[in-house]
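Contents: one structure, followed by commentary.
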Amino acid sequence: MRDPRYDPLFEPIRIGPVTAKNRFFQVPHCNGMGHAMPLAHAAMREVKAEGGWAVVSTEECEIHPSTDLTPYVEARLWDDRDIPALALMCEKVHAHGALAAVELTHNGPAASNLFSREVLLAPSHQPTKYGYPHQARAMDKADIRDYRRWHREAAVRGMKAGMDLVYVYAAHDLSLAMHFLQCRRNQRTDEYGGSLENRVRLLRELIEDTKDAVGHRCGVALRFATEEMLGPGGVELAEARDIVAMLAELPDLWDVNVSAWYNDSLPSRFGGEGAQEPFVDFVKKTTSKPVVGVGRFTSPDTMVSQLRRGVIDIIGAARPSIADPFLPRKIEEGRLDDIRECIGCNVCVSGDNTVSPIRCTQNPSMGEEWRKGWHPERIKPASKPAKVLVVGGGPAGLEAARALGQRGFEVSLAEASKELGGRVSCEARLPGLAEWARVRDWRLGQINKLPNVATYLDSRLEAADVLEFGADHVVIATGARWRRDGFGRSHGLGIPDFEGNSNVFTPDDLMDGSLPEGEVVVFDDDGGYHATVAAELLAKAGRRVHFVTPEDVVAPWGQFTLEYRHVRKRLAALGVQVHVSKVIVGYAGGSLRVEDAWSGEVLELPADGVVSVTARIPDDALFQSLRARLAGQAETKAISLHRIGDCEAPGLIAHAVYAGFALAQGLGEPATDGVPFRRHFHHGGNAT
Ligand code: ADP
Ligand code: SF4
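Our numbering numbers the first residue of the sequence shown as 3 and each following residue consecutively.
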């Protein structure tokens, strides 16, 4: 079944005392569940193992209360009482013939200790990484000895939990082992500071300690960042080459990437598949040990090329394994067109950063494996056959039609335009968002394989058409439009000068190809990606662009998705003038008057056109009219009527896909008004 071209991806490989069954390695990734929701965490990792990943790792795992990462929820091995939670994961992962890995870490000044209230530790006295108003103190020799002991003890606990691989973590500017390497964080004058040899000493000792403690049973992996892109204060490629040479044969496995997280998990807007190759390809030439690398790999051809060209030995993946936990199995079974490719939107990352369970645009079951019993590949068959009409072929409608089709319903999907995909098709034409189209393409591919799903294009339905159709269930997924009246978070009464003004544009106008001329203001009261993408589009089309926002930072949601720095750099490179903390007081005669939110100072900005990115309004007329008609007449046949996605409440594409999947899961099933998912409860066990 498998194309022999991909055979190298399925060759087993030894990692110290253990053997990975193939070359697919789910590298550590945060998930917002961690130690707080161990059952949910274990079930999520199990699905990866079931999907064919040879190694499935935890996220970063705190080794001691002095590396408490609150508010972030990661894995934890502070003492033996934390073992059972991770043992749960190991059992689940082993049940599918995969190896389990744990990424041990002490985050030093990148921890918070907000929960434990311990004093933070660092190579030298320094401020905390995340802006907390307390400093980390310099570690003395006794602290270093303690740290090494904690790491060793955590490694043993990991082994007792059933881990097959134990990581030493020196990446992402997050762990002490890396902080000792960095000149900006390490100003020590003893044998742990100064020369490269000295700065590497602790990392070398940690690897040696870990091998000594668990190396007879577990492979010892080193996660190492080769470049921080911060100049001489950070790890730079030239020095990283020396470090790899110095430690070449010491770990059983090298897992290499770039730092920090915003460079490693680069959003697709700023980089494509395999973007890290120039930063990590030297490693394999320097060591005989296996090398894992990441690059948001979703194409088996790219993967096999990485192996054949000797760039890496093992395909590392976080996001591709989130979007499609079954990616390896699909390659193995020759089902390449079933691969649900990651779109690089980093909504998954936003889960961790908002301290909530992981979610994924492409894979609505991610994070819901335990609490809702959802699976990325399987779904409960329909309890009773029924005819379903889905109106609107955007991400919500497409996902509903696909999943309902998979359940065996007789599904018709009607779309008003000549193209499926809704907002996804429109947004994918904007700069940097081409991969958004994968949301549509995967669903179309699946729908085309389902004989019980029929799609109708160019079919704008009115209420009468829907009623005439005679479906048992009607799902309205008709989307939303951007508002033109300036209403939003900061202008709750709208902006009077915007009403009826032909120089005011919305993102929908831009996506329809209608762009303002001359000097343009993009007004962002939304805070997501739409406004910065609009600014990019306009600047690239030769307009002079001002970016105005009531927020104190540009597009704040991008801080959760790791886009923020990249967006700021891109806007700066395109010459976009940024004005933060500004609300609009008027727009007339080619001039936009804005007021500083704090000083009240008024500024006039030349504006031949304004692009207003404030809020959207659901396109729910069809739903409302159907609801009214169904309520007003005694129907011969009872129809269940539903609305999902942007036509209910506009959100991210991820929300629309989730809504489609959730609707499909519950359709025709008994409704509950109780809590619709399982939760973790802590009964007893507090005494010891
Ligand atoms: P969502 O993100 O909720 O899926 P979109 O805006 O992406 O919403 O998609 C909504 C889709 O519904 C669009 O493709 C639009 O053309 C289609 N649509 C809107 N009204 C109707 C209608 N009355 N009949 C059929 N299709 C419709
Ligand atoms: Fe990829 Fe987006 Fe899913 Fe993350 S949320 S795995 S970036 S598709």
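Don't be surprised by glycine CBs; every beta carbon is placed ideally from N, CA and C. All values reported here derive from a predicted model rather than from experimental measurement.
Around the Cβ of M3, a 10 Å sphere holds fewer than 16 other Cβ atoms; the residue is exposed. For V506, the shortest separation between its Cβ and any heavy atom of the ligand SF4 does not lie below 7 Å. Bridge partners of P129 according to DSSP: Q137. When the beta-carbon positions are compared, F27 and D70 stay at least 8 Å from each other.
Nearest C-alpha to L564 among A89, A465, A262, E93: A262.
Taking the Cα positions, W55 is about 47 Å away from S492. L632 sits in a helix when the DSSP states are folded into three classes. The ligand SF4 approaches T363 closely enough that one of its heavy atoms is under 7 Å from the residue's Cβ. Distance from the CA atom of E421 to the CA atom of L459, rounded to whole angstroms, is 7 Å. Closest in C-alpha terms to R342, from the list Y589, C185, N365, comes N365. As DSSP reads the structure, L432 sits in no beta bridge. Here R16 is exposed, its C-beta having fewer than 16 other C-beta atoms within 10 Å. By the C-beta density criterion, V587 is exposed, having fewer than 16 other C-beta atoms within 10 angstroms. DSSP places H218 in no beta strand (DSSP E); its state is neither H nor E. In the pairwise beta carbon analysis, the region 569-579 is classified as not touching the region 352-365: fewer than three pairs are separated by under 8 Å.
A residue is called buried once 16 or more other Cβ atoms fall within 10 Å of its Cβ, and T356, having fewer, is exposed.
Secondary structure of T60 (DSSP, three-state): strand.
Straight-line spacing of the CA atoms in M39 and D84 works out to 12 Å. H475 carries a strand assignment under DSSP once its states are collapsed to helix, strand and coil. Taking 7 Å as the cut-off, one finds no heavy atom of the ligand ADP near enough to the beta carbon of A617. For S307, the enclosing alpha helix (DSSP H) has its first and last residue at 302-310. Sorting A247, E230, H153, T191 by C-alpha distance to the C-alpha of T212 places H153 at the top. Contact holds between the region 252-262 and the region 162-181, because three or more Cβ pairs, one in each stretch, are under 8 Å apart. Counting only the Cα atoms, V585 lies some 5 Å from E597.
Contact annotation: the region 391-401 touches the region 460-479, with at least three C-beta pairs closer than 8 Å. Residue range 316-319 is occupied by the beta strand (DSSP E) that includes I317.
Close CB contacts of A242 within its chain, under the 7 Å cut and outside five residues either way in sequence, are with T228, E229 (chain order).
DSSP, reduced to helix, strand and coil, places W559 within a helical segment of the structure shown.
For Q408, there is no enclosing beta strand (DSSP E); the residue is found in the alpha helix (DSSP H) stretching over 397-409. Taking the Cα positions, Y74 is about 36 Å away from V613. Per DSSP, reduced to three states, the secondary structure at T21 is strand.
The beta carbon of A456 is closer than 8 Å to those of V413, S414, L415 in its chain, skipping five residues each way along the sequence. For Y589, the closest of S642, I619, L539, V523 by C-alpha to C-alpha distance is V523. By the Cβ rule, the region 623-634 does not count as touching the region 493-512, because fewer than three pairs are nearer than 8 Å.
The way I'd put it, the region 655-662 doesn't touch the region 503-518; fewer than three beta-carbon pairs between them come closer than 8 Å.
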